[in-house]
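Peer 1:
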Amino acid sequence: MDIENKNRVSVEDMRACYAERFPYAPNNQRIGRFAKQIGFRLTKQMVKGQIISFYIKDDISK
499 MDIENKNRVS VEDMRACYAE RFPYAPNNQR IGRFAKQIGF RLTKQMVKGQ IISFYIKDDI
559 SK
C-alpha cells in the first residue's frame, strides 16, 4: 500500500500500512509515531454528530 502519495489517509489504512512494514503489533502510539515519521498528523472532525479520525499530510495542514 502506497500512502505517501495521498493527502488524506484513514486510520485503518495507516494501521494496515504499519502492519505491512513492521513485525510489531500495531497500537495507537506506534501508528502515531509511524505517521509522524512519514509526514502525517492525526485530525479529528465531527460529521453528522459523530467524530471521525483520519491522517492528513502535515505540510498541507498548516
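So the sequence shown is numbered by this note's numbering: it starts at 499 and just counts up by one.
The C-beta atom is built at its ideal place from N, Cα and C for all residues, glycine as well.
1) In three-state DSSP terms, what is residue 553?
2) Grab the span of the alpha helix (DSSP H) containing residue 534 for me, first residue to last.
3) Could you check the C-alpha separation between residue 531 and residue 512 for me, to the nearest Å?
4) Here's a check: name, in chain order, each residue in its chain whose Cβ is nearer than 6 Å to the Cβ of residue 524, leaving out the five neighbours to either side.
5) Would residue 554 pass as a contact of residue 503 if the rule is Cβ separation under 8 Å?
Peer 2: Straight from the coordinates:
1) strand
2) 526-535
3) 11 Å
4) 513, 516, 517
5) no
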